[in-house]
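Here the structure comes first, spelled out in structure tokens, and everything after it is commentary.
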Amino acid sequence: MSEPQAVITHVYHKITSHPLGEVTVSVRCLHGTCTWELATTADLKAADMAMMTHTGLHGHPTFARTFEDVALVRRLELNEGRREIPPLPVADEEPQHERAAR
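Quick note on my numbering: the sequence shown kicks off at 100 and runs consecutively.
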């Protein structure tokens, strides 16, 4: 009786920002005990203005910014020539990998 063997192949992928998603940013001041924060927003220019305003009012010049977007990973050989983009998942929808695990 032979044992199962694994076959490993290299698969090329491309990762981009999902065209239907948006980039968001959250910000917090890093000056000492300052607790100033900016809630997550998709308005990147407004976030820049909020930081400049905070610096102007308080003199604090350093901030931590966290950017987030929705990534789209496509296997190149499977998607070659295909133009359709998968939709963004609905917030309360069960992820596909969790449905498949059942």
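Glycine residues also receive a C-beta, built at the ideal position from the N, C-alpha and C atoms.
In this text the structure is predicted, and so the values were computed from the model without any measurement.
Can you round the beta-carbon distance between residue i and residue j to whole angstroms, since I take them to be within the 8 Å contact cut?
i	j	result
residue 117	residue 187	6 Å
With a 10 Å radius around its C-beta and 16 neighbouring C-beta atoms as the bar for buried, classify residue i as buried or exposed.
i	result
residue 198	Low local confidence applies: a pLDDT of 49 at residue 198 is under 50, so the model's placement there is unreliable, with the coordinate-based value given in what follows. It counts as exposed.
residue 151	exposed
residue 110	exposed
residue 126	buried
residue 162	buried
residue 107	exposed
residue 200	Here residue 200 scores only 49 on pLDDT, less than 50, and its place in the model is too uncertain to base an answer on.
On the DSSP bridge list, what partners appear for residue i?
i	result
residue 128	162
residue 116	170
How about residue i and residue j: do their beta carbons lie closer than 8 Å?
i	j	result
residue 112	residue 169	no
residue 146	residue 124	yes
residue 137	residue 122	no
If you measure from the beta carbon of residue i to each beta carbon in chain D, is any gap under 8 Å?
i	result
residue 143	In summary, chain D is missing from the structure at hand, where a single protein chain is found.
Would the segment 128-138 count as touching the segment 157-170 if we require 3 or more Cβ pairs under 8 Å? Taking 8 Å as the limit for Cβ pairs, the verdict is that the segment 157-170 does touch the segment 128-138.
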